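Peer 1:
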Amino acid sequence: MIALDVGHGQLHPRLRADPRVTVLERVNARELRELPFAPELVTCDVSFIGVRTALPPALALAAPGWQALVLVKPQFEAGRAESPKGVVRDPAVRRRVLSEVARAAPEWGAEVAGVVDSGLPGPKGNREFFLHLVNRERPENPDELERWIEDATR
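Taking my numbering, the leading residue of the sequence shown gets 7, the next gets one more, and so forth.
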């Protein structure tokens, strides 16, 4: 496992001590150029930066056929005007930003295989969503993508 963080000291000590975990701290995801190995599974949970900025460099370094589980946080995808005090309350904005991230997936060599609500609203009311992405040679998002997004954002 590779644990990448722009900060430092955030990883639980038990994970940090595990010899199976490679810790890469003070690494900005958008500037990622190499990894110690090509991962088959990429997970993404970023804050203060959008997924569309942070995720593509890691996916470019992943093994062919990779899968990704991506936590989309609308408060970091929408503009400040749409997230006053860091909270996206408008369901239409949530749907739009989730759709924008999902529609970008083919540019990264990915198809969206699923969309679900995280089930854990933040203390201020933010809702976050998981996208399951699958690497494909000629990616096309499924016809039911917008229905999945609608269902997840209800």
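For each residue, glycine too, the CB sits at the ideal point set by N, CA and C. Just so you know, these numbers come straight off a predicted model, no measurement behind them.
Could you give the uninterrupted runs of the alpha helix (DSSP H) lying entirely in the stretch 29-66, keeping only those of 4 residues or more?
Peer 2: The stretch 29-66 contains these whole alpha helix (DSSP H) runs: 57-66.
Peer 1: Check whether the Cβ atoms of residue 125 and residue 93 sit closer than 9 Å, and answer yes or no.
Peer 2: For residue 125 and residue 93, no; Cβs fall outside 9 Å.
Peer 1: Can you have a look at residue 89 and say buried or exposed, based on whether 16 or more other CB atoms are within 10 angstroms of its CB?
Peer 2: Buried, by the Cβ-count rule.
Peer 1: Helix, strand or coil for residue 16? Go by DSSP, reduced to three states.
Peer 2: In this structure, residue 16 counts as coil in the three-state DSSP scheme.
Peer 1: Spatial neighbours of residue 127 within its chain, please: CB distance less than 6 Å, with the 5 preceding and 5 following residues excluded, ordered by chain position.
Peer 2: Result list for residue 127: 133, in chain order.
Peer 1: Locate the alpha helix (DSSP H) running through residue 99, then write down its first and last residues.
Peer 2: Segment 97-110, the alpha helix (DSSP H) holding residue 99.
Peer 1: Which first and last residues belong to the beta strand (DSSP E) in which residue 75 is found?
Peer 2: Per DSSP, residue 75 belongs to the beta strand (DSSP E) from 73-78.
Peer 1: What's the C-alpha gap between residue 154 and residue 63?
Peer 2: About 26 Å.
Peer 1: Can you round the beta-carbon distance between residue 158 and residue 123 to whole angstroms, since I take them to be within the 8 Å contact cut?
Peer 2: At roughly 5 Å, the Cβ-Cβ gap stays under 8 Å, so residue 158 and residue 123 are in contact.
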